[in-house]
Amino acid sequence: MNPVDILCRNAVDVIDRTELESRLKEGRPLRVKAGFDPSAPDIHLGHTVLLRKLREFQDLGHKVVLLIGDFTATIGDPTGLTKTRPALTQKEVETNAKTYQSQAFKILDKDPKKIEVVHNSDWLGKMMLKDFLETLGTRFTVQQVLERNDFEKRMAENQPLSIREELYPLLQAQDSVAVKADVELGGTDQKFNLLAGRDLQRSLGLRPQIVMTFPLLVGLDGKQKMSKSLGNYIAVNDCPKDVFGKAMSIPDTLMASYYSLLTAEKYDPSSHPRDAKVKLAKLLVESLHGKKEADAQAEEFKTVFSNKMTPTKIDVIEVPKGKYWIVDFLRLYCGVQSGNEARRLIEQKAISFIGEAGAQAGYDSLEEGTHVQFTSKLVIFDGPVQGDASFEVPFTDGPIVRIGKKKYLKVIPS
RNA sequence: GGGGAGAUACCAAAGCGGUCAAAUGGAGCAGACUGUAAAUCUGCCGGCUUCGCCUUCGAAGGUUCGAAUCCUUCUCUCCCCA
């Protein structure tokens, strides 16, 4: 494949492709900009679609300008939102910005010749109101900005739209001028902002950047774009187990797009959906945590879900010696939100104690998989243990508490 | 500056004096089933050692035996006119 085809793979818009071709022929490293607003502490696979593309540019010898939008994050990109985005404090932004960079480097090439990390507070933070009004304020009209799809939508739905949000695209455009971008990448929802950069450069007599947009990765729910705030994401920093598990939970219909946007492999629609998904999950774990983890997770998944066996690695909880009422026990040590939540789980037979019983009263005769049942006032174990809502810690060998299908906790007396 | 509409649980949205811990949908959790933690179906979904009690319906006061529902002030949002 020639470089242009590689770079344009998966792209939705390339404005303009012939320009891109001719600029690639100039034989110098192009400055390829992509901006990320550190609005949440971690980045997810949705971001990696762009990061992977940036990496392709790097591999072809170009220079990535990774723009951390620490200034714009305090504004809040209104893209795709139907309501005002809460602005972050300077401090939150700073913390997030740090983690962003290290996470982005999981995908990007760290060679200083191939990357430049910049923060837009360096120029936007210093911009005087006068400069702003003269440079940006005269080059865009309100109508142009309001053309934007989501602004239009918000107006139509009588949702608030703050002036600050409205100015966001202008700031992003200014970023392109500041970093002298040859190319800027973004999600399809960024098209307007990216084009604003192109317009501004042109109107300032600079070479307009080439704009490339890429599909938004659909989140785990199969409906909305992957985003932190919707909770439908796989984070770059998720542990291997979560990456694998979350990947397995995507709807089948998403597999083709995940394959093409997140892996180098091709999706084979004729293969068994489960196998295809296992392969996908492995590839994703591998890209973030390495091959070894990927294989291990695949094995583990088979054990726990396909063969319905107890997982090999279980989180351990330390519980001080003493007697516990089962509801308190779940709430205090097992991460159950409230007493009512614990009751519900018990009623729904979601709680079981697995393992060799110790000699202590309360659960000594529990069989493997015994259910703990809750009736109006008393907690009654299914087995021979009667009417007592409590049980003892320590155990000679603590039981494994199983909550639902997924969560296992090994109790260790402390 | 003038006039109108609105603020309900994680989100959306009913309710408009007691039967409201608050309909319904989505999200979430659990269960059944399956090809997986897909899909589908079922149950749960403020808190509390729970036949009961406590705290919630923008905020603060007030009317009433009783308020998410009525009144007053305040805060915020939207629409129309200027």
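Using numbering that gives the first Met the number 0, read the first sequence as starting at 0 and increasing by one per residue.
Where is the CB? At the ideal position from N, CA and C, for every residue including glycine.
The model shown is predicted, which means the values in this text are computed figures rather than measured ones.
Buried or exposed: residue i, going by 16 or more other Cβ atoms within 10 Å of its Cβ?
{"i": "residue 427", "result": "Because the chain here runs from 0 to 413, residue 427 falls outside it and cannot be looked at."}
{"i": "residue 351", "result": "buried"}
{"i": "residue 141", "result": "exposed"}
{"i": "residue 73", "result": "buried"}
{"i": "residue 71", "result": "buried"}
{"i": "residue 111", "result": "exposed"}
{"i": "residue 186", "result": "buried"}
{"i": "residue 417", "result": "Since the first and last residues shown for the chain are 0 and 413, residue 417 lies out of range."}
{"i": "residue 360", "result": "Because the pLDDT at residue 360 is just 32, under 50, the model does not fix this residue reliably, and the value given afterwards should be weighed accordingly. Residue 360 should be labelled exposed."}
{"i": "residue 129", "result": "exposed"}
{"i": "residue 263", "result": "exposed"}
{"i": "residue 337", "result": "exposed"}
{"i": "residue 157", "result": "exposed"}
{"i": "residue 281", "result": "buried"}
Rounded to whole angstroms, what's the CA-CA distance from residue i to residue j? Just pull it up for me.
{"i": "residue 363", "j": "residue 342", "result": "Summary for residue 363: the model assigns pLDDT 34, below 50, so the residue's position carries little reliability; its value from the coordinates is reported in the next sentence. The alpha-carbon atoms of residue 363 and residue 342 are separated by roughly 22 Å."}
{"i": "residue 36", "j": "residue 51", "result": "17 Å"}
{"i": "residue 272", "j": "residue 289", "result": "24 Å"}
{"i": "residue 422", "j": "residue 31", "result": "Lying before the first or after the last residue shown, residue 422 is absent from the chain, which here runs from 0 to 413."}
{"i": "residue 10", "j": "residue 19", "result": "13 Å"}
{"i": "residue 414", "j": "residue 92", "result": "Here the chain covers residues 0 to 413 and nothing more, so residue 414 does not appear."}
{"i": "residue 349", "j": "residue 165", "result": "49 Å"}
{"i": "residue 229", "j": "residue 26", "result": "43 Å"}
{"i": "residue 220", "j": "residue 204", "result": "45 Å"}
{"i": "residue 105", "j": "residue 249", "result": "23 Å"}
{"i": "residue 144", "j": "residue 4", "result": "32 Å"}
{"i": "residue 328", "j": "residue 408", "result": "12 Å"}
{"i": "residue 149", "j": "residue 226", "result": "17 Å"}
{"i": "residue 22", "j": "residue 179", "result": "14 Å"}
{"i": "residue 132", "j": "residue 103", "result": "34 Å"}
{"i": "residue 100", "j": "residue 119", "result": "14 Å"}
Sort the options by Cα distance to residue i and report the nearest one.
{"i": "residue 113", "options": "143, 172 and 59", "result": "59"}
{"i": "residue 314", "options": "203, 47, 33 and 399", "result": "399"}
{"i": "residue 211", "options": "181, 233 and 237", "result": "181"}
{"i": "residue 347", "options": "328, 402, 333 and 139", "result": "402"}
{"i": "residue 14", "options": "184, 150 and 408", "result": "184"}
{"i": "residue 56", "options": "345, 8, 43 and 44", "result": "8"}
{"i": "residue 237", "options": "187, 269, 292 and 222", "result": "292"}
{"i": "residue 286", "options": "124, 200 and 258", "result": "258"}
{"i": "residue 412", "options": "105, 332 and 42", "result": "332"}
{"i": "residue 24", "options": "61, 54 and 33", "result": "61"}
{"i": "residue 135", "options": "151, 156 and 175", "result": "175"}
{"i": "residue 42", "options": "28, 95, 0 and 6", "result": "95"}
{"i": "residue 410", "options": "326, 337 and 320", "result": "320"}
{"i": "residue 117", "options": "129, 133, 64 and 156", "result": "64"}
{"i": "residue 245", "options": "405, 12, 28 and 126", "result": "405"}
{"i": "residue 53", "options": "294, 97 and 115", "result": "115"}
{"i": "residue 121", "options": "344, 177, 334 and 282", "result": "177"}
If residue i and residue j are in contact, beta carbons under 8 Å, what's the gap, nearest whole angstrom?
{"i": "residue 242", "j": "residue 284", "result": "5 Å"}
{"i": "residue 296", "j": "residue 207", "result": "About 45 Å; that fails the 8 Å criterion."}
{"i": "residue 202", "j": "residue 163", "result": "With 8 Å as the limit, residue 202 and residue 163 do not qualify as a contact, their Cβ atoms being about 23 Å apart."}
{"i": "residue 44", "j": "residue 167", "result": "That belief does not hold up - the Cβ atoms of residue 44 and residue 167 are roughly 24 Å apart, past 8 Å."}
{"i": "residue 303", "j": "residue 310", "result": "5 Å"}
{"i": "residue 247", "j": "residue 300", "result": "7 Å"}
Shorter than 8 Å, the distance from the beta carbon of residue i to the closest heavy atom of the ligand COA, or not?
{"i": "residue 293", "result": "The model on display carries no ligand, and the ligand COA is accordingly not part of it."}
Query raised in the report: Can we say the stretch 60-69 touches the stretch 26-41, given the rule of at least three CB pairs closer than 8 Å?
Result: yes
Query raised in the report: Should the stretch 276-290 be called in touch with the stretch 254-267, which here means at least 3 C-beta pairs below 8 Å?
Result: yes
Query raised in the report: Is it a yes or a no for the stretch 195-207 touching the stretch 170-185, going by three-plus beta-carbon pairs under 8 Å?
Result: yes
Query raised in the report: Any chance the stretch 211-223 sits against the stretch 41-49, with 3 or more Cβ pairs inside 8 Å?
Result: yes
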